[in-house]
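Take a look at the structure set out below.
2 protein chains.
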Amino acid sequence: MPVTIEDLSNKLGVSRSTVSKALNDRGDVSPRTKERVTQAARELGYQPSAAARSLRRQRTEKIGLVVNYPIRRVSDFLAELIPSMATVAEEAEYNLILYTSMAGQTERLISLCRSREVDGIIIAWPPQFHETVVLHRMLTDERMPHIFLPRRVPHDDISYVAADHQQGARLLTEYLISLGHGRIAFERLPEVYETDYDRHSGYAQALRAAGIKYDESLVISADSAAADYDTKSFQHFMALPDPPSAILFFTDPSAIRALSLAREGGIRIPQELSVAGYDGVLSSGVTEPALTTVRQSAGALGALAVESLLKLIANDGLEAQQHILPVELLPRKSTAAPANGGA
Amino acid sequence: MPVTIEDLSNKLGVSRSTVSKALNDRGDVSPRTKERVTQAARELGYQPSAAARSLRRQRTEKIGLVVNYPIRRVSDFLAELIPSMATVAEEAEYNLILYTSMAGQTERLISLCRSREVDGIIIAWPPQFHETVVLHRMLTDERMPHIFLPRRVPHDDISYVAADHQQGARLLTEYLISLGHGRIAFERLPEVYETDYDRHSGYAQALRAAGIKYDESLVISADSAAADYDTKSFQHFMALPDPPSAILFFTDPSAIRALSLAREGGIRIPQELSVAGYDGVLSSGVTEPALTTVRQSAGALGALAVESLLKLIANDGLEAQQHILPVELLPRKSTAAPANGGA
DNA sequence: TACCGTTACGAAATCGATTTCGTCCATTCG
DNA sequence: CGAATGGACGAAATCGATTTCGTAACGGTA
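In structure tokens, the structure reads:
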């Protein structure tokens with residue numbers, strides 16, 4: 001069995017309190033005693049019991065990551081997010097506990113709060129706005145510091161960390177305009193409300209700034225619930241009487257799918273059609289041609305989320321942490337100047 | 344503050360012990376009392392304190408995942424592994440705690456053991472054999488159940504879960520032979536000792552079974568420490584007086600790199616050269632041509648590792664858990680019959 | 001009626017720390 | 001010299017559960 005504080009105090013002939021105070025730098029301990037205690041602790045390899053300490057201190061030095069999302073497919077976003085969060089937490093002597101099976105199950109989240117096994121919670125992928133507010137209220141009632149990720153939540157009291165998707169869509173659109181495109185198609189995904197709104201407003205903003213008229217027929221709302229959802233948008237746009245010279249897809253996988261559909265259809269990319277994705281997944285770099293996209297750094301989002309949560313824990317959640325991180329345009333080979341000058 | 348067992352017992356006018364026994368189904372409690380207690384617990388939303396329970400029960404219902412590896416690049420292996428492990432753990436009412444910053448730091452691992460904040464440990468990516476044995480001894484001394492992943496460790500007492508890499512390389516080689524290839528090049532990576540050994544022996548075995556002479560000049564040992572390591576093997580093989588008709592790369596990224604080198608060099612794949620990777624990363628599915636590879640299921644490995652660790656915890660680690668999981672050949676478009684019949 | 005066994009419950013110990021508070025002793029000051 | 005001050009330490013309470021063990025009450029039997 002591991003060495004306890006009692007073993008240490010017996011060996012040294014001092015009280016448990018003195019040992020505790022010596023090791024934690026609190027209370028009055030003479031320099032000599034302190035030295036003896038630390039020395040003996042090292043020798044015996046004493047390590048305080050996490051459970052006992054947590055019980056007494058009423059904090060666990062652990063934070064929870066609740067993946068509030070059915071993990072359909074593997075994403076490199078998660079692969080970058082999780083280790084980054086864990087690493088940042090560890091720098092602050094915290095650890096990360098994963099909770100993957102409580103999507104939408106509020107009672108399980110309540111149990112988690114009441115059992116006090118974490119000091120704060122990061123909720124990855126908040127649900128729809130209304131539900132998020134309910135969740136926030138519940139967590140606030142339970143006095144559990146929490147932060148949402150990676151979507152912004154339009155509510156003053158709610159903490160979140162998200163990427164600047166308006167900027168992302170704007171950068172992409174501006175880039176295509178600078179290449180000479182005038183008919184730029186845009187895929188929306190209303191399911192992810194704020195993200196969709198931001199992206200669309202970035203797109204519209206770039207068009208407006210360039211004096212290009214917003215054309216409703218060039219904007220489609222995808223429905224990710226549909227089976228062949230990732231082929232529909234492409235087919236829709238190409239079937240238009242006057243097809244666009246460039247398409248901005250909502251996600252990289254859709255854009256990648258379009259790449260192969262175009263190949264099958266004999267449409268050369270980027271010569272005859274420019275295609276762009278969004279997210280900067282690893283796969284987007286190895287397609288032929290490599291995909292132009294926008295990258296949000298999952299690592300940076302995760303790191304900031306952890307840091308913000310630690311602040312909430314330290315400040316007792318006095319004021320909400322709200323952060324929007326810049327994104328990066330990755331211009332690659334799937335986009336080029338349009339053949340006919342974009343007319 | 345959360346409801347404690349004392350609050351419950353006060354409200355009901357029974358003792359704490361009775362409440363505890365009622366909720367945990369131990370000891371003698373009359374059906375009537377039990378009903379009253381469960382009812383009140385539900386009403387008040389009582390949830391036992393994790394710290395108090397851990398302290399008394401001497402177990403935490405948590406397992407640790409120690410990523411004993413510098414996470415160089417994002418890998419979809421991790422993205423699939425971690426959620427899978429967390430989910431399987433949760434089915435058994437355990438949770439997963441991540442430790443990403445203790446690669447090679449044995450004292451930190453010892454602290455983790457002694458603080459008893461986890462009931463068992465999964466070590467992702469064991470170090471070299473000798474160090475792994477040392478680690479195993481240390482963990483055994485600390486009476487900490489543990490299992491290594493995703494590499495086998497050739498030692499009877501050590502628990503691990505790994506993929507069958509001998510089978511993987513054999514399947515790939517057999518497949519190429521069945522296509523008509525006779526000169527099949529093979530890239531080794533001595534750095535990952537057992538994995539490399541298994542893969543190479545699967546390759547050699549397939550050749551032998553087909554009566555093809557093992558040609559040393561077709562086998563190269565890569566050095567992943569070198570900067571341009573992923574281009575070297577390809578260049579080496581293509582510079583041979585009599586180049587191979589097919590190349591088996593050690594990893595998908597190397598094979599993908601070879602795909603673009605071949606394009607640059609005007610070598611058509613698969614018509615003039617067959618290329619295969621290994622691991623089945625997501626990217627391998629979107630290259631042009633799509634990459635033939637072997638997939639090991641990170642999800643299955645992780646799930647089995649957790650299940651095995653839970654057995655070790657339950658059995659007090661009586662006998663080592665050693666599991667080798669089958670892999671899956673993914674024949675895709677980067678391999679085909681050789682132009683000249685493979686002569 | 002006296003005795004015994006069973007049932008249902010509670011008092012108290014326990015897990016291993018932290019923290020509060022009181023005490024002892026040596027100085028220092030008036 | 002007596003009282004006040006403060007440094008160093010320990011006894012005991014505390015955190016919130018679980019578990020052991022003792023006992024009251026009850027019913028059945030000799």
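Residue numbers (our numbering), protein chains in the order written: chain A, 1 to 343; chain B, 344 to 686. All C-beta atoms in this analysis are idealised placements derived from N, C-alpha and C, irrespective of residue type, glycine included.
Throw me the rounded Cβ distance for the V549 of chain B and R606 of chain B pair, which I believe falls under 8 angstroms.
For the purposes of this step, residue 549 of chain B is taken as the residue at position 206 of the second sequence. For the purposes of this step, residue 606 of chain B is taken as the residue at position 263 of the second sequence. It is worth fixing the name first, because residue 549 of chain B is Ala in this sequence and not Val. With 8 angstroms as the limit, A549 of chain B and R606 of chain B do not qualify as a contact, their Cβ atoms being about 28 angstroms apart.
Are the beta-carbon atoms of L439 of chain B and I97 of chain A separated by less than 8 angstroms?
Position 96 of the second sequence, counting from 1, holds the residue named residue 439 of chain B. Position 97 of the first sequence, counting from 1, holds the residue named residue 97 of chain A. Result yes, Cβ atoms of L439 of chain B and I97 of chain A sit closer than 8 angstroms.
Closest to V14 of chain A by C-alpha separation, out of A:Y94, A:R36, A:M1 and A:I212, would be which residue?
Reading the first sequence from its first residue, position 14 is the one you call residue 14 of chain A. Closest option to V14 of chain A, Cα to Cα, is A:R36.
What in chain A is Cβ-close to L647 of chain B, meaning under 7 angstroms?
The residue you call residue 647 of chain B lines up with position 304 of the second sequence. In chain order: nothing, as chain A lies at least about 17 angstroms away.
I need the DSSP call for K62 of chain A, collapsed to helix, strand or coil.
Here residue 62 of chain A refers to the residue found at position 62 of the first sequence. Strand, per DSSP.
By alpha-carbon positions, which one of A:Y46, A:Y175, A:G120 and A:A290 ends up nearest to L23 of chain A?
Counting from one through the first sequence, the residue named residue 23 of chain A turns up at place 23. The option with the nearest alpha carbon to L23 of chain A is A:Y46.
What's the call for G608 of chain B, buried or exposed, on a 16-neighbour Cβ count within 10 Å?
Stepping through the second sequence from its first residue, residue 608 of chain B is reached at position 265. Answer is exposed; the Cβ neighbour count stays below 16.
State the DSSP-derived secondary structure class of H498 of chain B, mapped to helix, strand or coil.
Position 155 of the second sequence holds residue 498 of chain B. Correct three-state label for H498 of chain B: coil.
Residue burial classification, H130 of chain A (beta-carbon count within 10 angstroms, cutoff 16):
Position 130 of the first sequence, counted from the start, is the residue given in the question as residue 130 of chain A. H130 of chain A should be labelled exposed.
What distance in whole Å lies between the Cβ atoms of T60 of chain A and V118 of chain A, which are believed to be in contact at a cut-off of 8 angstroms?
As a working mapping, residue 118 of chain A is identified with position 118 in the first sequence. As a working mapping, residue 60 of chain A is identified with position 60 in the first sequence. Their Cβ separation, rounded to whole angstroms, is 6 angstroms, which keeps V118 of chain A and T60 of chain A in contact under 8 angstroms.
With 16 as the cutoff for other CB atoms within 10 Å, does S235 of chain A come out buried or exposed?
Counting from one through the first sequence, the residue named residue 235 of chain A turns up at place 235. Looking at the sequence provided, one finds Gln at residue 235 of chain A rather than Ser. Q235 of chain A should be labelled exposed.
Test: I6 of chain A CB closer than 8 angstroms to a CB of chain B:
Residue mapping note: residue 6 of chain A aligns to position 6 of the first sequence, counting from 1. Reading the sequence as shown, one finds Glu at residue 6 of chain A and not Ile. By this cut-off, E6 of chain A is not an interface position.
Determine, for P150 of chain A, whether the minimum Cβ-Cβ distance to residues of chain B falls below 8 angstroms.
Taking the first residue of the first sequence as position 1, residue 150 of chain A is located at position 150. Judged by the 8 angstroms Cβ criterion, P150 of chain A is not in contact with chain B.
Does G685 of chain B come within less than 8 angstroms of chain A when only Cβ atoms are used?
To locate residue 685 of chain B, count along the second sequence from 1; it is residue 342. Because G685 of chain B sits at a pLDDT of 42, beneath the cut-off of 50, its placement in the model cannot be relied upon, and the following sentence gives the value as read from the coordinates. No, G685 of chain B lies away from the interface with chain A (no Cβ there is under 8 angstroms from its Cβ).
In three-state DSSP terms, what is I453 of chain B?
Numbered from 1 along the second sequence, position 110 holds the residue referred to as residue 453 of chain B. In the structure shown, I453 of chain B sits in a helix (DSSP, three-state: H, G or I).
At a CB-CB cut-off below 9 angstroms, which residues of chain A make contact with D558 of chain B?
One-based indexing of the second sequence puts residue 558 of chain B at position 215. Correct list: empty, because the minimum Cβ distance to chain A is about 30 angstroms.
Just reading off the beta strand (DSSP E) that R638 of chain B is part of, what are its end residues?
What you label residue 638 of chain B is simply residue 295 of the second sequence in a count that begins at 1. Residues T636 to R638.
In whole angstroms, give me the CA-to-CA distance for G341 of chain A and R332 of chain A.
Against the first sequence, residue 341 of chain A aligns to sequence position 341. Against the first sequence, residue 332 of chain A aligns to sequence position 332. Caution is warranted here: a pLDDT of 49 is assigned to G341 of chain A, below 50, making its placement in the model unreliable, and no coordinate value can be reported.
Is the beta carbon of T293 of chain A sitting closer than 8 angstroms to the one on S283 of chain A?
Mapped onto the first sequence, residue 293 of chain A falls at position 293. Mapped onto the first sequence, residue 283 of chain A falls at position 283. Taking 8 angstroms as the Cβ cut-off, T293 of chain A and S283 of chain A do not qualify as a contacting pair.
Closer than 8 angstroms, Cβ to Cβ, to anything on chain A: give me those residues from the segment 626-638 of chain B, in chain order.
S626, G628, V629, T630 and E631
Report yes or no: do three or more beta-carbon pairs, one from the segment 151-171 of chain A and one from the segment 190-197 of chain A, lie closer than 8 angstroms?
yes
Less than 6 angstroms between C-beta atoms, sequence neighbours within five positions excluded: which residues of the same chain meet that for E671 of chain B?
Your numbering for residue 671 of chain B matches position 328 in the second sequence. These residues qualify, in order along the chain: R638.
Spatial neighbours of H666 of chain B within its chain, please: C-beta separation below 6 angstroms, excluding the five flanking residues on both sides.
Mapped onto the second sequence, residue 666 of chain B falls at position 323. Here the set comprises V504 and L647.
Helix, strand or coil for S564 of chain B? Go by DSSP, reduced to three states.
Numbered from 1 along the second sequence, position 221 holds the residue referred to as residue 564 of chain B. S564 of chain B: strand per DSSP, three-state reduction.
Against chain B, which members of the segment 36-60 of chain A pass a CB distance test of less than 7 angstroms?
G45, Q47, P48, S49, A50, A51, A52, S54, L55 and T60
Chain A contact residues for Y442 of chain B, given Cβ-Cβ distances below 8 angstroms
Looking up residue 442 of chain B in the second sequence gives position 99. Ordered by position in chain A, the residues that pass the 8 angstroms Cβ test against Y442 of chain B are A86, E90 and N95.
Quick check on the DSSP output: the alpha helix (DSSP H) that includes I212 of chain A runs from which residue to which?
Here residue 212 of chain A refers to the residue found at position 212 when the first sequence is read from its first residue. From DSSP, I212 of chain A is part of no alpha helix (DSSP H); its letter is neither H nor E.
Anything in chain B within Cβ reach of E264 of chain A, meaning under 8 angstroms, just list it in chain order.
As a working note, residue 264 of chain A is residue 264 in the first sequence. Per Cβ cutoff of 8 angstroms: no residues; E264 of chain A is ~12 angstroms from chain B at best.
Beta carbon proximity, P426 of chain B to chain A, threshold 8 angstroms
Looking up residue 426 of chain B in the second sequence gives position 83. So yes, P426 of chain B belongs to the interface.
Residue interval of the beta strand (DSSP E) (run including R531 of chain B):
Here the question's residue 531 of chain B lines up with position 188 in the second sequence. R531 of chain B -> beta strand (DSSP E) spans I527 to R531.
Going by beta-carbon coordinates alone, are I63 of chain A and I121 of chain A separated by less than 8 angstroms?
Indexing the first sequence from 1 puts residue 63 of chain A at position 63. Indexing the first sequence from 1 puts residue 121 of chain A at position 121. A contact, by the Cβ cut-off of 8 angstroms.
Interface residues of chain A around P345 of chain B at Cβ under 7 angstroms?
Residue numbering aside, residue 345 of chain B sits at position 2 when the second sequence is read from its first letter. Within chain A, the residues near P345 of chain B are R114 and R116.
A79 of chain A touches chain B at which residues, Cβ-Cβ below 7 angstroms?
The sequence position of residue 79 of chain A within the first sequence is 79, counting from 1. In chain order: V417, S418, D419, L421 and A422.
Where A570 of chain B and H489 of chain B are concerned, what is the direct C-alpha to C-alpha distance, given to the nearest angstrom?
For this step, residue 570 of chain B is matched to residue 227 along the second sequence. For this step, residue 489 of chain B is matched to residue 146 along the second sequence. Approximately 35 angstroms between the Cα atoms of the pair.
Under a Cβ-count criterion, where at least 16 other Cβ atoms within 10 Å of its own Cβ denotes burial, should N10 of chain A be classed as buried or exposed?
To locate residue 10 of chain A, count along the first sequence from 1; it is residue 10. Under this definition N10 of chain A is an exposed residue.
Would you call the segment 212-224 of chain A in contact with the segment 179-190 of chain A, where contact means no fewer than 3 C-beta pairs closer than 8 angstroms?
yes
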